[in-house]
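Residue numbers (this note's numbering): 125 to 247.
Here is the structure we will look at.
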Amino acid sequence: MGVARAKNWVPNRPVQDSRLAWEAGVPELRRRANPWWAAPLRILGGAVPLGPNHRHIPGGSTGHAREIGQEASSGRLKRFAVPVDVVAERLSPEERKLLRAEGVLPDWFFDAVEEERRARKRR
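Structure, rendered in structure tokens:
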């Protein structure tokens, strides 16, 4: 039944279903939001030195190319926010229970989100 399952899910929190759907779906949405051309930029960005006295700093900036790839991914991820809200309203009572208890979304959810995103883009 379910496709997405969030890590470290806290069951039955008192928040809206759309918020829970977003949290449960972010890993899959992030995967879908990554443009094909951002991966090479992130890889190349890791090889760009910071300057003449370059020392790798874990978690630090590793190049302009990596930043461009990450910005493209996060910008595209934001485009899914409203469609997730709209599609979350279509969840059946059983699907809502499963989402609240386990952080699991139904198989059809992400295709419906993609469809809603494309429809909003055409408007």
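C-beta: ideal position from N, C-alpha, C; glycine also.
query, result
"Counting along the chain, where does the alpha helix (DSSP H) carrying Pro217 start and finish?", "217-226"
"Counting Cβ pairs, one atom from each stretch, are 3 or more of them under 8 Å apart for the stretch 135-143 and the stretch 230-241?", "no"
"Less than 8 Å between the C-beta atoms of Leu153 and Leu223, yes or no?", "no"
"On the DSSP bridge assignment, give the partners of Pro138 in chain order.", "DSSP output for Pro138 lists no bridge partner at all."
"Would Pro207 and Arg244 be called neighbours here (beta carbons separated by less than 8 Å)?", "yes"
"Please state if the CB of Ala205 and the CB of Trp133 are separated by a distance shorter than 8 Å.", "no"
"So, at 8 Å on beta carbons, what are the nonlocal neighbours of Val237 in its own chain, with the 5 sequence-adjacent residues on each side left out?", "Gly149, Leu153, Phe204, Pro207, Val208, Val211"
"Where does Pro138 land, buried or exposed, given buried means 16+ other C-beta within 10 angstroms?", "exposed"
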